[in-house]
Amino acid sequence: MESKITIHPRYVETDRMGIVHHSNYAVWYELGRIDFCEQLKIPFHEIEARGLRQALVNLESTFVKPTVFGKSYTLHTFVTSVKKVKLTFGYTLYDENQAIVHRGTTLLAWLDEDLKPVNIAKVAPDIFNALTHALGQ
1134 MESKITIHPR YVETDRMGIV HHSNYAVWYE LGRIDFCEQL KIPFHEIEAR GLRQALVNLE
1194 STFVKPTVFG KSYTLHTFVT SVKKVKLTFG YTLYDENQAI VHRGTTLLAW LDEDLKPVNI
1254 AKVAPDIFNA LTHALGQ
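Given below as structure tokens:
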């Protein structure tokens, strides 16, 4: 499974060169994850209502081409690894010509409300199974 959202960089997100500042990609990744989970029928607000959190452990970004204000991009978000305590998402950003301009990954850990790691397969098998199923699509 893959989520696709359109990104319209805002002027405020650019630097003096007119290029989107690198700090914005993490925000875009989060938008992609939220959409992915909604499409999977496990929205973030329901995940959090169950006392679960996703803590960022690692973030990687590869800048292929600059992204700029005034153009639109499509962010594809997908799961690349589902483990009992950790989850990895992948991201690919395409320009209007379907050329890849950016790639990234985030590694997240499942935590409870006390910020202690949890085994998602035990505490929320429906979420674990949905993510595992999405991995195979």
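In our numbering, the protein residues as written are 1134 to 1270. Cβ coordinates follow ideal geometry from the N, Cα and C atoms, glycine included. Keep in mind the model is a prediction, meaning the values are calculated, not measured.
Taking the C-beta atoms as reference points, Phe1196 is found no nearer than 8 Å to Gly1151.
Taking a 10 Å sphere around the C-beta of Ser1156, we find fewer than 16 other C-beta atoms and assign the residue as exposed.
By the neighbour-count criterion, in which a residue is buried when 16 or more other Cβ atoms sit within 10 angstroms of its Cβ, Pro1258 is exposed. One alpha carbon belongs to His1178, the other to Leu1244, and they sit about 15 Å apart.
Under the three-state reduction of DSSP output, Thr1200 falls in the coil class, being neither helix nor strand. Counting other Cβ atoms within 10 Å of its Cβ, Val1234 reaches 16 or more and is therefore classed as buried.
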